[in-house]
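Here's the structure, in structure tokens; my notes come after.
Number of protein chains: 4
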Amino acid sequence: MSYATEKLNEEKVFKDPVHRYVHVRDRVIWDLIGTKEFQRLRRIRQLGTTYLTFHGAEHSRLNHSLGVYEIVRRIIDDGFEGRPEWDSNERLLCLCAALLHDLGHGPFSHSFEKVFHLDHEDFTRAIILGDTEVNAVLRNVKEEFPKHVAEVIAKTYKNKMVVSLISSQIDADRMDYLQRDAYFTGVSYGHFDMERILRVMRPREDQVVIKSSGMHAVEDYIMSRYQMYWQVYFHPVTRSAEVILTKILHRAKQLHEEFYNFKHQPIHFYSIFEDELTLQDYLKLDESIIHYYFQAWEEEDDPILSDLCRRFMNRNLFKYVEFNPTTQMKDLMELNNLFKKAGLDPEYYLVVDSSSDLPYDFYRPGEEEERLPIHLLMPTGEVRELSRESEIVDAISGKRRTDHKLYFPLDLLQDVSTKKTIKRKILEILGI
Amino acid sequence: MSYATEKLNEEKVFKDPVHRYVHVRDRVIWDLIGTKEFQRLRRIRQLGTTYLTFHGAEHSRLNHSLGVYEIVRRIIDDGFEGRPEWDSNERLLCLCAALLHDLGHGPFSHSFEKVFHLDHEDFTRAIILGDTEVNAVLRNVKEEFPKHVAEVIAKTYKNKMVVSLISSQIDADRMDYLQRDAYFTGVSYGHFDMERILRVMRPREDQVVIKSSGMHAVEDYIMSRYQMYWQVYFHPVTRSAEVILTKILHRAKQLHEEFYNFKHQPIHFYSIFEDELTLQDYLKLDESIIHYYFQAWEEEDDPILSDLCRRFMNRNLFKYVEFNPTTQMKDLMELNNLFKKAGLDPEYYLVVDSSSDLPYDFYRPGEEEERLPIHLLMPTGEVRELSRESEIVDAISGKRRTDHKLYFPLDLLQDVSTKKTIKRKILEILGI
Amino acid sequence: MSYATEKLNEEKVFKDPVHRYVHVRDRVIWDLIGTKEFQRLRRIRQLGTTYLTFHGAEHSRLNHSLGVYEIVRRIIDDGFEGRPEWDSNERLLCLCAALLHDLGHGPFSHSFEKVFHLDHEDFTRAIILGDTEVNAVLRNVKEEFPKHVAEVIAKTYKNKMVVSLISSQIDADRMDYLQRDAYFTGVSYGHFDMERILRVMRPREDQVVIKSSGMHAVEDYIMSRYQMYWQVYFHPVTRSAEVILTKILHRAKQLHEEFYNFKHQPIHFYSIFEDELTLQDYLKLDESIIHYYFQAWEEEDDPILSDLCRRFMNRNLFKYVEFNPTTQMKDLMELNNLFKKAGLDPEYYLVVDSSSDLPYDFYRPGEEEERLPIHLLMPTGEVRELSRESEIVDAISGKRRTDHKLYFPLDLLQDVSTKKTIKRKILEILGI
Amino acid sequence: MSYATEKLNEEKVFKDPVHRYVHVRDRVIWDLIGTKEFQRLRRIRQLGTTYLTFHGAEHSRLNHSLGVYEIVRRIIDDGFEGRPEWDSNERLLCLCAALLHDLGHGPFSHSFEKVFHLDHEDFTRAIILGDTEVNAVLRNVKEEFPKHVAEVIAKTYKNKMVVSLISSQIDADRMDYLQRDAYFTGVSYGHFDMERILRVMRPREDQVVIKSSGMHAVEDYIMSRYQMYWQVYFHPVTRSAEVILTKILHRAKQLHEEFYNFKHQPIHFYSIFEDELTLQDYLKLDESIIHYYFQAWEEEDDPILSDLCRRFMNRNLFKYVEFNPTTQMKDLMELNNLFKKAGLDPEYYLVVDSSSDLPYDFYRPGEEEERLPIHLLMPTGEVRELSRESEIVDAISGKRRTDHKLYFPLDLLQDVSTKKTIKRKILEILGI
């Protein structure tokens, strides 16, 4: 028996709060889970700074990755196997791509990607193709297997049906994270009838389609997604933490460039600050490392760095007001000047954040183009795009809703030991 | 209005997956939640190494502390207030003690306590009474208030009814953790009808009692507890991770004492290794710090330290067999010798672990004596100890069940590049 | 103490699967629950014929009535009491109206109302104001109290805020039935965050409003409602049973008018057939009575009555195809003729059903005008109608979706022992 | 293709609140569900009079029968198929026996069986073997198939493993009803990890065994059962309704024997009163019929019959006190006399009920002997009876707990318009 088809003597199961159990029978999957690079995902939270808003949201990306794998496994084993449109030879490829699709995520990916111009997808590919334990397992299947896995994740694989299983508007990734994030945050959104959706998914030529009898379940899924974005993913408190985190990284980089003498040297950051990041350095970065440095930097002499680190670690976040970029740019400029006069560097203490600035995993401009749309399979055999059939989906599709907020440290403004008049004026403009 | 009775303008709520919402109206509670020392609990997992067995168990002690607070708040506000046996003046004290009862926990408390002879309860007291943000908030209520909070947690407070609310065999602590740990691990045990128990709790002289009509709900709670201990808290895989963690700490201390030249100096551990741990040093320890060091130590030259750290970080745990201390001591001694011959230091690679060796939070010898028993309030007004009324509870009470396992690195024994014969003999004795 | 304010010695609780517990403290409520007329609701299913589609939907209107009461009790006791805009004197009135709002429902209300031109609301009023146990309890509160309760339910009570609590687009009635019907059918729709909605409801002048911070929860509720209507309430199989039921009532009335000699005389129906229905006769009608007659009539000589009764009792329902009244009227007329030729009376065996033909409780044309719209309370204090704030609600509001289906007994058409050619032609037109 | 192996073109699913979906692929199963005799189970409640205590418990036996079928289907299709110890030819037999095991239940079986000395199991056999639609479907499979199905249900079938799947201490019947009854009543007991139990069930020679690694899940199931019995099945209010129901049947029979002139003749009861019940008469009995008569009899002249019927229909039940048959027989005799003097016939108004008097479905003396015990499959391959391995099960097994209560109409005793002194004395003895 070849490694690709090898089964474990006995099925292994992981207890999972969302899917009850995650079932593993394939040796390859079992070996991938045991790799150093996959285990590293335990130290990276699925929802970044969200745990500072929803205290239950402490779950890791490993947690989610197992869930995506399990959904794909069920779609294939319980639904697709045996159908003429389905090529059994793609099964293992799908499972591996599902399990590994988030492998390249670093700590607080969104902020890191923004500040240092990284792309976690590049790292996913690098881990799969590079000198890693994951690569060794995959190569053991077949020489070109790592390449195929990377292609599926990058959406360039030739069999588009396989790609659409892993990334489309209704893929296993999204079905898992909506339910999982709802479970761990405890919000009542994020629920939809996945069982029903799995039952109506069908492989068809170059994509996975949904039988039209399942349209209402899909509508419900779309609405769950909408609610989760605005209730959880774009929550203004989470974004406040994100703003501070981003500013810490900026500040540290700036200080490094200015030859500031750190009490606690940013050794793990050298290569990233200097734009020479290697895969091995990247793999060492996880959220423990970040917390380690931020705790240490609470005691740096630089007042901005230490203040921001204390804020992040002790959840003393920035407050916010609504901000309208069309009508309030003048106010913002005035605030900018007043902050300077008040002794607060506006670069760090007066920040506009827009919800579309959020992590790719959740949403980003242009996403609609990248993820394949949902197609319904009509009783006639015809295939139609969802929003043409569903009034509700039509009503919300294509409408971008943006939300701008202005973040600032209210405590520092209310502390009137100095610059009393200026601070009072700032508060006036902010409408507080 | 005094600080002790100050209410927030608007009630604050935290979304909680277990209790739906945690409600905060008291200024004092709000301020305590915002302290540096309370926020630190976000970086300490509620269930230590359990996340390596149940991947969902990544929730923090902050999570649990809010839950215990909420249960006590509901018992008092929805049940006790207005009853003649209840003294309203104790309300705030109860809430604070509930919120802060776990404040002194460090990272992976059980292992740290065992290796370094610490007691997290000493640290809870030290944080409450020392020079901390928590102490400043409490002192603001009343000069002696911190002392009272510490006494309630230490079970020495004069009003024993207050103590029994916070620590007894059916206190808010246990009711929260059983449900919370069940929720996050995803196991189907740990559920019981807390709503009903809250409805039948009554304040009475020196303790909280349970109306006898609620006896079956209490039986169910006791059974949940029993199941959670054996299915989750004493899970052999969790204990394997615990064994390795303990051995890492041992090894690092030993190397420090032998003046081993660490590539990555254990700066955060100096005072603990040298038995001179201060509160400020202790407060810096959290699980990020531990992960930081363990990752760094994967690259130390000492083969034992680096091997154990790699195992812990990458979840390459020890395997185990049942072990009977009465009949198998001779086997153990023989294995000891064979391990040495095989080049494996038995001090680190051949470990007997007994379930009673587990964290205080879950169980420890003598616990029955420390925690107050459960008393039922009969329709006649009489108070009777639970096991005298319940056959089931009687059947299991007082029966200690111990479980011994022998842990070892199977991979190193199966790797027969060297010492083939010795290793084969070891495996024979282990029955593998 | 007056009867109106009398409390039970000890709170009574009913275990409820949806709200955990229903709490009763008021003597008046307890006495109302014990009346003959309220207990009768146990013999009337909440969802009529839906149990033939979703086998779990066997719950009664008593079940739902207790739930509506509990929601109103929570809104008032946990949210409104103590607020200046809320008049405590209206509390008992609200609770009674909530509990009794469905009191006049008969068995399979929709069909009965349609066939016999009844209105369950008339009967609710008649029971409350007539010579009944319910009236006796209410009159005991105050002479004009029954009248006030009836006015609240009829939406004519002077205090419009009270009315809007009981019937508006987001009243306790709907919040209960969506959740309850979802629970008993087992569908995954029908869930929304009622806890949150209860927290953001505010009494205000002439209506209950929702704080705008709760808008997303309300959107979710609206979507749940939309899904429940199309997935559950308008399910075509349920409507098929409804069609048959309606036709049985029609047939029995017709036979009675034609002096048909029933083997089993429709004694309970005499007054209803002859349009002389009294309250006492009406109160004897429940679903047991209906089932009793339908079982007996399975053995009548009239082939149509016995066939339809057998179909209903044994769930041998009509099949259906989509029907477009605009384009297919000619087909329908042709089918009409062909059915006659085939020996099947089209009056009973060829039925167009439109979803707007369904019970008032769920939906009916004009409902939007009758039920008060939802208003949001903005942070500014302004009150704005929901669809002006919510894109999603705006997208679906006012869009009536109608669904027409043509029902017929496929088994009789496929049985080709006679009229083979005609039946084949019928099937051709039906597209089967 | 033979009828026995015929599959539906497309799988049919029923939405089920307990198992999510019930899946039907086999033509035979589909046809059995459509029979008149199976559909009749919709008109018989699963829990008899329990709906008068737990208002949610309105679910029917059809509901439960589908659930048992689904569990057996999953055990076989997901677990047993493919194992050498399992004979695939028994699959359809198991599914049919599971679906039909409760077919012979009548309305409020327990009371009917007790009063009229019937046995629902006799009727199950009679329906399966008699001239019925069910028999016609089964005979279509194979001439002797109905006989085999009846044997499996009667536990006399030669293949004991098949029997143990349908009736043992941990069979599909019990696993379904514990969960289903918990769901519909809303109690928090009755939950256990069925998924895990299904995973560890193994076919073995003459019985189904449980892998010992699943022992804790089985313990939890046993405890759920214990709790459900005492919290739900033996609830004293349910038993009060049961007592009244039994007395109504007694009274009607007695009146019939005394040639009482019923205003509403008990036509459906003639053959049962005269001990000449036929299968066709029995099949007409359902709970609608019972309710129909009880409502009619509220207006009979016999004061006992009409009073009892009013009580049952309007839930005006008897009250109860604890009763100890060992020490209180003298009290009972005295009460007997006093009741007579007070004008209350003690035969109908003073009733001792013991919990072991409850329906076979839940429990009855001797049950342990009839249902096969649970056996664990040890890692060594040895099979051991559960209570020898589990301390908890050992502690409760074999301990019969009996509960005696004395029921009486408190309202009639408190109404002191006549016989004031005697009534006062009665209340004194009753301790009220």
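Chains as they are written, first to last, in UniProt numbering: chain B, 1 to 432; chain G, 1 to 432; chain S, 1 to 432; chain L, 1 to 432. For every residue, glycine included, the Cβ atom is placed at its ideal position computed from N, Cα and C. These numbers come from a predicted model, not from an experiment.
Neighbours of Arg-20(L) in chain B, taken as residues whose beta carbon is under 7 angstroms from its own, are Glu-195 in chain order.
Sequence-ordered contacts of the stretch 47 to 70 of chain G with chain B read Tyr-51, Leu-52, Thr-53, Phe-54, His-55, Gly-56, Glu-58, His-59, Ser-60, Leu-62, Asn-63 and Leu-66 [C-beta pairs closer than 9 angstroms]. The residues Arg-45, Ala-57 and Glu-58, in chain order, have a CB closer than 7 angstroms to that of Tyr-51(G) in the same chain once the five nearest residues on each side in sequence are set aside. In terms of beta-carbon proximity, Ile-392(G) lines the interface with chain L, with at least one pair separated by less than 8 angstroms. Taken in chain order, the complete alpha helix (DSSP H) segments of 4 or more residues contained in the stretch 194 to 232 of chain S are 194 to 200 and 215 to 228. Using a CB distance cut-off of 8 angstroms, Phe-192(B) counts as an interface residue toward chain S.
Around the beta carbon of Gly-82(L), a 10 Å sphere encloses fewer than 16 other beta carbons of the protein chains shown; the residue is thus reported as exposed.
Against Asn-314(L), the close residues of chain S are Lys-36 and Gln-39, in the order they occur along the chain (beta-carbon pairs closer than 7 angstroms). Excluding residues up to 5 positions away in sequence, Arg-239, Ser-240, Val-243, Phe-318, Lys-319, Tyr-320, Leu-350, Val-351, Val-352 and Asp-353 lie with their Cβ nearer than 8 angstroms to the Cβ of Tyr-407(G) in the same chain. Between Val-149(G) and chain B, the shortest Cβ-Cβ separation is not below 8 angstroms.
Here Asp-87(S) carries a coil assignment [DSSP, helix/strand/coil]. With fewer than 16 neighbouring CB atoms inside 10 Å of its own CB, Tyr-3(S) falls in the exposed class. Annotation for Leu-350(L): no alpha helix (DSSP H) segment contains it, and DSSP assigns it neither H nor E. Counting along the chain, no beta strand (DSSP E) covers Tyr-260(G), and no H or E run does either. In the DSSP assignment, Asn-63(L) falls within the alpha helix (DSSP H) that extends over 61 to 74.
The stretch 267 to 283 of chain L makes no contact with the stretch 297 to 311 of chain L; the number of CB pairs closer than 8 angstroms stays below 3. Residue state for Lys-155(B) is assigned as coil, using DSSP reduced to three classes. Under the three-state reduction of DSSP, Glu-10(L) is assigned to strand.
Per DSSP, reduced to three states, the secondary structure at Leu-372(L) is strand. Assigned with DSSP and collapsed to three states, Phe-312(L) falls in helix.
Annotation: Leu-41(G) is outside any beta strand (DSSP E) and is labelled neither H nor E by DSSP. Contact between the stretch 208 to 221 of chain L and the stretch 381 to 399 of chain L is established, with three or more Cβ pairs separated by less than 8 angstroms.
Shown here for Leu-338(B): same chain residues with a beta carbon closer than 8 angstroms to its own, the five before and five after excluded, namely Ile-422, Lys-425, Ile-426 and Ile-429 in chain order. Taking all protein chains shown into account, Asn-135(B) has 16 or more neighbouring C-beta atoms within 10 Å of its C-beta and is therefore buried.
Identification of residues in the stretch 213 to 232 of chain L having a C-beta nearer than 7 angstroms to some C-beta of chain G yields His-216, Asp-220, Met-223, Gln-227, Trp-230 and Gln-231, given in sequence order.
Comparing alpha carbon positions, the residue from Lys-284(G), Leu-344(G), Leu-386(G) and Met-329(G) closest to His-404(G) is Met-329(G). A distance of 8 angstroms or more separates the beta carbons of Met-175(G) and Glu-205(G).
The C-beta of Ser-188(S) comes closer than 8 angstroms to at least one C-beta of chain B. Pro-17(B) has a beta carbon lying within less than 8 angstroms of a beta carbon in chain G. Closest in alpha carbon position to Asp-31(G), among Thr-132(G), Pro-107(G), Arg-202(G) and Arg-251(G), is Thr-132(G). Per DSSP, reduced to three states, the secondary structure at Tyr-21(B) is strand.
A straight line joining the alpha-carbon of Val-115(G) with that of Leu-66(G) spans about 29 angstroms.
For Arg-251(L), the three-state secondary structure derived from DSSP is helix. Met-333(B) counts as exposed, since fewer than 16 other C-beta atoms from the protein chains shown sit within 10 angstroms of its C-beta.
In the structure shown, Leu-32(S) adopts helical secondary structure according to DSSP, grouped into three states. If you look at Tyr-320(S), you'll find it isn't in any alpha helix (DSSP H); it sits in the beta strand (DSSP E) that goes 319 to 322.
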